[in-house]
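Working notes, beginning with the structure itself.
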Amino acid sequence: MRIAVGSFFVCSNSFSVDAIDLARCQRTARYGDAALDPHRSRQGAIGGFIQTVERQGATVAALPSVLPGLAGAVTAEALNWVLEEFRASLTALGPVDAVLLYQHGGGVGENGEDIDGSLAAALREQLGQAPPIITLLDGHANISPALAASATSLIGMKTNPHFDYWERGIQAGKLMISALSGTVRPTLAHVQLPRSEEHTSELQSPCNLVCRL
254 MRIAVGSFFV CSNSFSVDAI DLARCQRTAR YGDAALDPHR SRQGAIGGFI
304 QTVERQGATV AALPSVLPGL AGAVTAEALN WVLEEFRASL TALGPVDAVL
354 LYQHGGGVGE NGEDIDGSLA AALREQLGQA PPIITLLDGH ANISPALAAS
404 ATSLIGMKTN PHFDYWERGI QAGKLMISAL SGTVRPTLAH VQLPRSEEHT
454 SELQSPCNLV CRL
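Position 30 of the sequence shown, counting from 1, maps to 283 under the numbering used here, and the rest follow consecutively.
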């Protein structure tokens with residue numbers, strides 16, 4: 254089992270004038286061992302995942318780790334660069350059996366682009382439909398139709414404040430091994446709840462419900 258692991262961790266505040274531009278993404282990008290090794294010594298989500306799958310004999314390969322963090326919207330130039338970096342890295346890795354993505358789930362592009370869904374969709378298009386893509390998300394992520402359609406499973410943090418990163422990484426690792434071995438077949442359903450007219454002006458985004466069966 255060969256599993257690619259990558260991250261594009263963005264939390265956008267659309268009211269902020271501090272855009273997440275190309276320079277910021279390039280400055281925070283890490284590749285290869287530099288992308289994965291820091292997680293091996295941390296009690297974090299990726300660390301929990303890596304430890305779990307490696308104990309089951311899986312090999313972990315690095316996709317880019319781009320961590321611009323909390324700021325404004327992502328520029329179109331930056332988003333296009335990130336998507337190309339992931340596509341190129343996945344091509345360079347050669348065949349992989351699955352992908353783990355670590356995303357915040359709160360990213361938005363300067364023109365309203367679906368940051369998290371765009372990345373998942375790009376990888377799904379390149380991988381085909383069979384390989385599992387499991388995405389780890391923040392507890393208040395915005396789940397888009399594109400993200401739900403591209404991922405095999407979405408796993409969000411469950412505590413507030415978030416201190417269960419390690420546990421969610423382990424959960425993702427166990428699910429990934431089970432999916433690859435064929436002992437489980439994850440099924441994901443996405444329902445976007447309608448907004449009532451009287452509350453439309455008060456809501457910034459529609460509510461989402463994701464069911465993992």
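Glycine is no exception: its CB is placed at the ideal position from the N, C-alpha and C atoms.
Is the segment 369–381 close to the segment 270–279, with three or more CB pairs under 8 Å? no
CB-CB length for A432 against T405, believed under 8 Å: 7 Å
Where does L316 fall in DSSP's three states? strand
Looking at the structure shown, is H393 part of a helix, part of a strand, or coil, going by DSSP? coil
Exposed or buried, what is H357 when buried is set at 16 or more other beta-carbons lying within 10 Å of its beta-carbon? buried
Determine the contact status of L353 and V258, defining contact as a CB-CB distance below 8 Å. yes
Would T440 be called buried (16 or more neighbouring beta carbons within 10 Å of its own) or exposed? exposed
Give me, in chain order, the residues of the same chain whose beta-carbon lies closer than 7 Å to that of Q424; leave out the 5 immediate sequence neighbours on both sides. I408
Please state whether DSSP places F268 in a helix, a strand or coil. coil
Please report the straight-line C-alpha distance between N461 and P398, rounded to a whole angstrom. Since pLDDT at N461 reaches only 44, below the 50 mark, its modelled position is unreliable, and the value read off the structure follows with that caveat. For N461 and P398, the distance between alpha carbons rounds to 10 Å.
By the three-class DSSP mapping on this structure, what secondary structure does D274 have? coil
Can you give me the start and stop residues for the alpha helix (DSSP H) that G375 sits inside? Looking at the sequence itself, residue 375 is Ala, so the reference to Gly does not match. Looking at the DSSP string, the run of the alpha helix (DSSP H) that includes A375 is I368 to L380.
Within 10 angstroms of the Cβ of E330, are there 16 or more other Cβ atoms? Answer buried if so, exposed if not. exposed
Taking the alpha carbon of R377 as the reference point, which residue from V437, L400, L428 and A324 has its own alpha carbon closest? L400
Short of 6 Å in beta carbon distance, which residues of its chain neighbour Q309, apart from the five on each side in sequence? Order them along the chain. I430
Based on the DSSP secondary-structure assignment, which residues constitute the bridge partners of V327? I273 and G362
Mind checking A312: buried by the 16 CB within 10 Å criterion, or exposed? Just to set this straight, residue 312 is Thr in the shown sequence, not Ala. Exposed.
Ordered along the chain, which non-local residues of its own chain (more than five positions away) have a Cβ less than 8 Å from that of T328? A272, I273, D274, L275, G362 and E363
Under 8 Å between C-beta atoms of S260 and Y355: yes
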